[in-house]
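**Student:** Mind having a look at this structure? Questions to follow.
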Amino acid sequence: MGRLTEKINLNKLVKRRYHTRETLDHGPSEAVKKAGEYDIWAPSEVGSSEEDDGDSFLRPIKKRKIKEPPTLKLKPSTSVPAVAEPPPGASYNPTFTDHQSLLREAHEEEYRRVEAIENLNSKLPTFTEVSSSETTAMRNRIKRRVERERLEAEKKFQKKINNDLARITDIAKQVKTEVAKREKKLQEKAKLIEESTKRPPKKIGKYRVPKLPIDVQLSEDLSESLRTLKPEGNLFADRMTSLQQRSIIEPRVPIKARRKRRRKPTQDD
Amino acid sequence: MGTPKQKGKSGAATNYITRNQALKKLQVTLADFRRLCILKGIYPREPRSRKKANNGSTAPATFYYTKDIQYLLHEPVLKKFRENKIFLKKLSKALGKGQISIAKGLEERKPVYRLDHIIKERYPTFTDALRDIDDALCMLFLFATFPRTDKIQISTVSNCQRLSAEFQHYVIQTRSLRKVFLSIKGIYYQAEIKGQTVTWIVPYLFSQRVPDDVDFRVMLTFLEFYQTLLGFVLYKLYTDENLKYPPIMEIDKDESAAGLDALLIERTRIEEKVEERMKDKTIGDNEEIIENGQNNENEQKLESEERLKTLPEKLQTIQNDDTPSLPPTLPSEVEEDFSDPTSSTPQITYLSLSNSLSSLATFQNIFSSLKFYLSREVPRYSLEFMIKSFGGEVGWDSSVGAGSTFDERDETITHQVVDRPNVEEKYENRVYIQPQWVYDCVNARRLLKVGLYRVGRRLPPHLSPFVESKEGDYLPTIVQEVESEEEEEEEEEIEQAEEEGEETEEESSSLEEDELTHQKELEAEAAGISYSASSSKSKSIAGTKRPREDVNSEAKELAKIMMSKRHKKLYDKIQDTKKK
Numbered sequence: 020m021g022r023l024t025e026k027i028n029l030n031k032l033v034k035r036r037y038h039t040r041e042t043l044d045h046g047p048s049e050a051v052k053k054a055g056e057y058d059i060w061a062p063s064e065v066g067s068s069e070e071d072d073g074d075s076f077l078r079p080i081k082k083r084k085i086k087e088p089p090t091l092k093l094k095p096s097t098s099v100p101a102v103a104e105p106p107p108g109a110s111y112n113p114t115f116t117d118h119q120s121l122l123r124e125a126h127e128e129e130y131r132r133v134e135a136i137e138n139l140n141s142k143l144p145t146f147t148e149v150s151s152s153e154t155t156a157m158r159n160r161i162k163r164r165v166e167r168e169r170l171e172a173e174k175k176f177q178k179k180i181n182n183d184l185a186r187i188t189d190i191a192k193q194v195k196t197e198v199a200k201r202e203k204k205l206q207e208k209a210k211l212i213e214e215s216t217k218r219p220p221k222k223i224g225k226y227r228v229p230k231l232p233i234d235v236q237l238s239e240d241l242s243e244s245l246r247t248l249k250p251e252g253n254l255f256a257d258r259m260t261s262l263q264q265r266s267i268i269e270p271r272v273p274i275k276a277r278r279k280r281r282r283k284p285t286q287d288d
Numbered sequence: 003m004g005t006p007k008q009k010g011k012s013g014a015a016t017n018y019i020t021r022n023q024a025l026k027k028l029q030v031t032l033a034d035f036r037r038l039c040i041l042k043g044i045y046p047r048e049p050r051s052r053k054k055a056n057n058g059s060t061a062p063a064t065f066y067y068t069k070d071i072q073y074l075l076h077e078p079v080l081k082k083f084r085e086n087k088i089f090l091k092k093l094s095k096a097l098g099k100g101q102i103s104i105a106k107g108l109e110e111r112k113p114v115y116r117l118d119h120i121i122k123e124r125y126p127t128f129t130d131a132l133r134d135i136d137d138a139l140c141m142l143f144l145f146a147t148f149p150r151t152d153k154i155q156i157s158t159v160s161n162c163q164r165l166s167a168e169f170q171h172y173v174i175q176t177r178s179l180r181k182v183f184l185s186i187k188g189i190y191y192q193a194e195i196k197g198q199t200v201t202w203i204v205p206y207l208f209s210q211r212v213p214d215d216v217d218f219r220v221m222l223t224f225l226e227f228y229q230t231l232l233g234f235v236l237y238k239l240y241t242d243e244n245l246k247y248p249p250i251m252e253i254d255k256d257e258s259a260a261g262l263d264a265l266l267i268e269r270t271r272i273e274e275k276v277e278e279r280m281k282d283k284t285i286g287d288n289e290e291i292i293e294n295g296q297n298n299e300n301e302q303k304l305e306s307e308e309r310l311k312t313l314p315e316k317l318q319t320i321q322n323d324d325t326p327s328l329p330p331t332l333p334s335e336v337e338e339d340f341s342d343p344t345s346s347t348p349q350i351t352y353l354s355l356s357n358s359l360s361s362l363a364t365f366q367n368i369f370s371s372l373k374f375y376l377s378r379e380v381p382r383y384s385l386e387f388m389i390k391s392f393g394g395e396v397g398w399d400s401s402v403g404a405g406s407t408f409d410e411r412d413e414t415i416t417h418q419v420v421d422r423p424n425v426e427e428k429y430e431n432r433v434y435i436q437p438q439w440v441y442d443c444v445n446a447r448r449l450l451k452v453g454l455y456r457v458g459r460r461l462p463p464h465l466s467p468f469v470e471s472k473e474g475d476y477l478p479t480i481v482q483e484v485e486s487e488e489e490e491e492e493e494e495e496i497e498q499a500e501e502e503g504e505e506t507e508e509e510s511s512s513l514e515e516d517e518l519t520h521q522k523e524l525e526a527e528a529a530g531i532s533y534s535a536s537s538s539k540s541k542s543i544a545g546t547k548r549p550r551e552d553v554n555s556e557a558k559e560l561a562k563i564m565m566s567k568r569h570k571k572l573y574d575k576i577q578d579t580k581k582k
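Line order of the protein sequences matches chains C and W. FYI, the numbering for the first sequence is 20 to 288, going by the working numbering. FYI, the numbering for the second sequence is 3 to 582, going by the working numbering.
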């Protein structure tokens, strides 16, 4: 009996975990179990004793220490804190104004989302009736119209140049202001770019970084007391999103296992 | 002219490496690579131009710094991953052949890895680790309440519970909790540990649904790392406070849901000896303390006098004291010395320092000398932690869990926390309050009037302590407190008039009850500031003007020192003429 359970346990170790719905977890690992047995930050006294016997001409063979690259300590520059401070409206018993402002925020977010979807839908091509084949007369008419329009545009341009020549100093001034304006705009843009580096990235790898949802309860859902409180939101999802926003991990989309087509039984089987 | 630059041999093209290239270089599976990146703290990077980083291709890809990946090649854990792969191959082969004994032998020599060196590398100093502990705490507290599913093993959950309980004990011991916020998501706590602000969120019990779209392999890898990190951090925190780590878990208590009480906090040997010399009392035993609860004040006086003699060396030990005792600041007599008007300049700073310290100490002990009893329906896991970290005593219904040191009939209970709309107030000498009072008191940093929080009353809004209130802001608790006071006074007046008319001598009239509770509040408020602070307060009331004058004269003195010789002479002359 003991032998059998042993075998089952061993089998569990071998099995490729991610194809089954079995536990992904094997309990606390050795690293976890041994944590907290000594002071890891205590200054170590190793090295000084080794250097003492420097008299011997044969230096002890030391393992070469690999220097860590400077890039390792570079944290992704986002201003997102590990635990975002909760908005005051997220209190279980908020003040009216706080709650309303949070509600408005959530509403705007939702509105934007819906609008984006509608916008996308409106851009989809719609079927229109294709006009029937043109006659030669129609084609000629179009040709003539295009020609006429071209000539008119040329005339207009010539007229404008003539006018501009008259007030060239004015134009020079205008150009100067225009250039200054543009420079200012460029500076502003540079500033914006710098700020955007601090914001969580929109995309890492293939997928977009999700936003933290604004968790809010409608006024009628708010509880009177702590006992009747219905918690909102999901902390697991929040943790995951937070990690992605700080670009500690890349966002991923679960890929559903493709269903295999069942083979029809043939006579060979 | 040097050699011409070749395309793709420098700059972004060599600084970045795509994930697939990294996999090829390290010869690991994607799953192992992800684990390794999480453990080592290697993050995906976004190059300024994808095109330049990826040989002209703009296809979506995840990039890493090439040097990071190069460094990963030397990682011992990577080696262990490979060994594990081989081990699994051998094991499956043995099992396939039915060679159980060989399989068993292999299992015994299973490769195991440690994360110590990674923690040391990622957090070279202890402060670095403390700064990054928010994440770890959130994760551990979250997994400590993990429902029983096939995704996780119970041993992992119980380890998370152990670590979070140990952390809470540390916070209680050092009185380092500062803010708390009941949000609709969970309970936010903020503590100050060794100068670092630590924030974490604890879910409400039984409320977390496990979502399907969260990748648990990733979460579990983080969890593994954070468990290790917190183990080391807790060791350091405990040993710095001269506490034994790990604290002993009392298994029978733990099984009967004693919660925080299941852990037995012990002092280290040396510390114990010192304490024993100072007082004949064992430390760390809760029951002892409660027995002594009655004599606490007298004892405190004695202790403080004794401690005064050995103040400089023992400041540390006082702060570590297990009992809800003296604040770690200077006792009153010493404070008096500091406010001496004849003292010289640097003592201004001492004065302000001691003031701020004593205010912190009163805050840290706002619930000392209060005794709470929790009804069944209130969240014990939070309230017990809160009350204990501000020096209060708690007991609860035995049906909730073991470990309560007193029951509902105890006469010394001052507050009963109740969260039901109508409760019969059985005992007269205690106040029946709703749980929000405890949280609001902590955020207000003082004991609030209980009137608003009585059972059945509509609670004032629970404000977020994370939003700094400016002067002139509307603060409902304060406003309503004033209103309620007025209301109560009016009620009292009416009742008085009635009583005068009736001239009856009923014992348990509502007026007397009100008076009783009011008296109690006053007492509690006075006592909440604890022995030393209250005495210092009375002193400061007696001579409120003196310190300010003192400060002014000191400031003048200071300014004089800073003057140039010429100006000083001029100033003296002016003063002389003034005197004349």
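Cβ atoms here follow ideal geometry from the backbone N, Cα and C, with glycine treated the same way.
Pairing CB atoms from the region 126-135 of chain W with CB atoms from the region 212-220 of chain W, are three or more of them under 8 Å?
**Tutor:** no
**Student:** Which residue comes first and which comes last in the alpha helix (DSSP H) that contains residue 44 of chain W?
**Tutor:** That residue, residue 44 of chain W, is in no alpha helix (DSSP H); it is neither H nor E in DSSP.
**Student:** In the DSSP output, what is residue 67 of chain W paired with across the bridge?
**Tutor:** W:18
**Student:** Return helix, strand or coil for residue 78 of chain W, following the three-state DSSP convention.
**Tutor:** helix
**Student:** CA-CA distance, residue 65 of chain W and residue 368 of chain W?
**Tutor:** 52 Å
**Student:** Quick one: measure Cβ to Cβ for residue 229 of chain W and residue 51 of chain C, integer angstroms, because I've assumed they're closer than 8 Å.
**Tutor:** Between residue 229 of chain W and residue 51 of chain C, the beta carbon gap of about 4 Å places them in contact (Cβ cut-off 8 Å).
**Student:** What does the alpha-carbon distance come out to for the pair residue 238 of chain W and residue 405 of chain W?
**Tutor:** 28 Å
**Student:** Curious, which full-length alpha helix (DSSP H) runs of at least 4 residues does the region 361-429 of chain W contain?
**Tutor:** DSSP runs (the alpha helix (DSSP H)) wholly in the region 361-429 of chain W: 382-391.
**Student:** For residue 227 of chain W, collect the residues of the same chain with a Cβ closer than 7 Å to its Cβ; drop the 5 residues on either side in sequence, then sort them by chain order.
**Tutor:** Spatial neighbours of residue 227 of chain W in its own chain (CB-CB distance under 7 Å, excluding positions within 5 residues in sequence) are listed in chain order as 40, 41, 117.
**Student:** Assuming residue 107 of chain C and residue 187 of chain W make a contact with CB atoms under 8 Å, what is their CB distance in whole Å?
**Tutor:** Wrong, their Cβ atoms sit about 13 Å apart, outside the cutoff.
**Student:** Could you confirm whether any beta carbon from chain C is found closer than 8 Å to the beta carbon of residue 424 of chain W?
**Tutor:** no
**Student:** Could you work out which residue in C:276, C:244, C:235 is closest to residue 120 of chain C when comparing CA atoms only?
**Tutor:** C:235
**Student:** When you check each C-beta in the region 92-124 of chain C against every C-beta of chain W, which residues fall closer than 7 Å?
**Tutor:** Listed in sequence order: 95, 101, 102, 104, 105, 107, 109, 110, 111, 112, 113, 114.
**Student:** From the beta carbon of residue 25 of chain C, is the nearest beta carbon of chain W less than 8 Å away?
**Tutor:** For residue 25 of chain C, a Cβ of chain W is located within less than 8 Å of the residue's own Cβ.
**Student:** Quick one: using the 10 Å Cβ neighbour count with 16 as the cut-off for buried, is residue 115 of chain C buried or exposed?
**Tutor:** exposed
**Student:** Under a CB-based cut-off of 8 Å, is residue 40 of chain C close to chain W?
**Tutor:** Interpretation of residue 40 of chain C is limited by its pLDDT of 48, a score under 50 that renders its predicted location unreliable; the figure taken from the coordinates is listed afterwards. Yes, contact with chain W.
**Student:** Please tell me whether, using a cut-off of 7 Å, the distance from the CB of residue 285 of chain C to the nearest non-hydrogen atom of the ligand MN is below it.
**Tutor:** For the structure depicted, the ligand MN is absent and the ligand set is empty, with no information on it obtainable.
**Student:** Which of the three DSSP states is assigned to residue 276 of chain C in this structure?
**Tutor:** coil
**Student:** List the residues of chain A whose Cβ lies closer than 8 Å to the Cβ of residue 237 of chain C, in chain order.
**Tutor:** Absent from the structure: chain A. Protein chains present are C and W.
**Student:** Is there a Cβ from chain W that is less than 8 Å from the Cβ of residue 268 of chain C?
**Tutor:** yes
**Student:** For residue 195 of chain W and residue 101 of chain C, I'd like the C-alpha separation in whole angstroms.
**Tutor:** 17 Å
**Student:** Is there a C-beta anywhere in chain W that falls below 8 Å from the one on residue 296 of chain C?
**Tutor:** Past the boundaries of the shown model lies residue 296 of chain C; chain C is included only from 20 to 288, so the question cannot be answered.
**Student:** My guess is that residue 87 of chain C and residue 123 of chain W are in contact by the Cβ rule of under 8 Å, so how many angstroms apart are they, rounded?
**Tutor:** 7 Å
**Student:** Looking at C-beta atoms only, is the number of pairs between the region 239-252 of chain W and the region 271-285 of chain C that lie closer than 8 Å three or more?
**Tutor:** no
**Student:** So, at 7 Å on beta carbons, what are the nonlocal neighbours of residue 207 of chain C in its own chain, with the 5 sequence-adjacent residues on each side left out?
**Tutor:** none
**Student:** Counting pairs of Cβ atoms below 8 Å between the region 80-95 of chain C and the region 431-446 of chain W, do you hit three or more?
**Tutor:** no
**Student:** Would you please verify whether the beta carbon of residue 334 of chain W is less than 8 Å from any beta carbon of chain C?
**Tutor:** The predicted position of residue 334 of chain W is uncertain, since its pLDDT is 39 and thus under 50; a value taken from the coordinates is nonetheless stated next. False, the Cβ-Cβ gap to chain C never drops below 8 Å.
**Student:** At least one CB of chain W closer than 8 Å to the CB of residue 132 of chain C: is that the case?
**Tutor:** Residue contact with chain W for residue 132 of chain C: absent (no Cβ-Cβ distance below 8 Å to any residue of chain W).
**Student:** Who are the neighbours of residue 22 of chain C on chain W, taking C-beta pairs under 8 Å?
**Tutor:** 102
**Student:** Please list the partners that residue 202 of chain W has in chain C, where partner means a Cβ-to-Cβ separation under 8 Å.
**Tutor:** 102
**Student:** Looking at the unbroken alpha helix (DSSP H) that takes in residue 129 of chain W, where does it start and where does it end?
**Tutor:** 128-133
**Student:** Are residue 242 of chain C and residue 57 of chain C closer than 8 Å when you measure CB to CB?
**Tutor:** no
**Student:** Under 8 Å between the Cβ atoms of residue 172 of chain W and residue 73 of chain W?
**Tutor:** no
**Student:** Give the DSSP-derived three-state secondary structure of residue 46 of chain C in the structure shown.
**Tutor:** coil
**Student:** What residue does the alpha helix (DSSP H) around residue 159 of chain W start on, and which one ends it?
**Tutor:** 156-176
**Student:** Any idea what DSSP makes of residue 183 of chain W, helix, strand or coil?
**Tutor:** strand
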